[in-house]
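What follows is a set of notes on a single structure, which appears directly below.
In our numbering, the protein residues as written are 1 to 201.
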């Protein structure tokens with residue numbers, strides 16, 4: 001069966017359920033969202049999310065995953081920010097892998113300020129961040145040349161008990177040599193050496 005045929009049949013099934021006053025559950029909605037994404041109809045994912053909200057159908061990891069995927073396909077950062085607001089009450093129970101995906105989505109669209117705000121909210125929710133979380137922040141900060149925040153994140157990472165990798169140190173030193181200018185490069189090298197001395201290489 002072709003993917004478009006699959007999601008069209010899924011839509012018909014949803015309409016039939018509604019006509020019999022049968023409310024679809026979270027699993028059914030996530031399956032339909034997956035069909036929309038695979039069928040190249042990510043905008044319908046967001047419409048279905050609104051339907052779920054109006055009908056008090058619980059959102060779960062699978063639903064949030066498809067919504068993040070839809071935002072990525074749509075390349076719509078405003079919708080992504082709306083999704084962040086929707087997911088915020090669930091940050092403490094949503095998987096860190098999904099939150100990392102959301103951070104990466106904001107970062108790759110160049111919205112690093114929004115990415116960092118999301119990170120602060122994740123920390124405030126007491127969700128447990130991973131090495132990959134910091135890696136996503138660092139890569140996206142370096143991509144826009146924000147070396148000050150990059151070093152700050154390295155410090156947070158080490159303070160949280162997650163040791164930065166040699167590659168993370170090398171990346172910022174390489175940036176300093178190629179793109180930062182002599183004055184900033186000297187500051188970067190000094191701060192990196194200070195970090196290594198404090199937390200170990």
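The beta-carbon is built from N, C-alpha and C at its ideal position, and this holds for glycine as well.
query                                                                                                             : result
Residue 80 and residue 98 closer than 8 Å at C-beta                                                               : no
Contact set for residue 121: own chain, Cβ-Cβ below 7 Å, skip 5 residues either direction                         : 88 and 91
CB of residue 68 within 8 Å of CB of residue 30, strictly                                                         : no
Counted within 10 angstroms of its Cβ, other Cβ atoms place residue 182 as buried (16 or more) or exposed         : exposed
Reduced DSSP category for residue 23 - H, G, I as helix; E, B as strand; rest coil                                : coil
Cβ neighbour criterion (16 or more within 10 Å) applied to residue 50                                             : exposed
Outcome for residue 58 when other beta-carbon atoms lying within 10 angstroms are tallied against a minimum of 16 : exposed
Boundaries (first-last residue) of the alpha helix (DSSP H) holding residue 171                                   : 166 to 179
Euclidean distance between Cα positions of residue 144 and residue 28                                             : 40 Å
Member of 153, 134, 53 and 178 whose CA lies at the smallest distance from the CA of residue 25                   : 53
Pick from 178, 43, 124 and 130 that is closest to residue 95, judged by C-alpha positions                         : 130
Residue 41 to residue 74 span [Cα, whole Å]                                                                       : 9 Å
Straight-line Cα distance separating residue 134 from residue 117                                                 : 14 Å
Buried or exposed by the 16-neighbour rule on C-beta atoms within 10 Å, applied to residue 70                     : buried
Assigned secondary structure, residue 198 (DSSP; H/G/I helix, E/B strand, else coil)                              : helix
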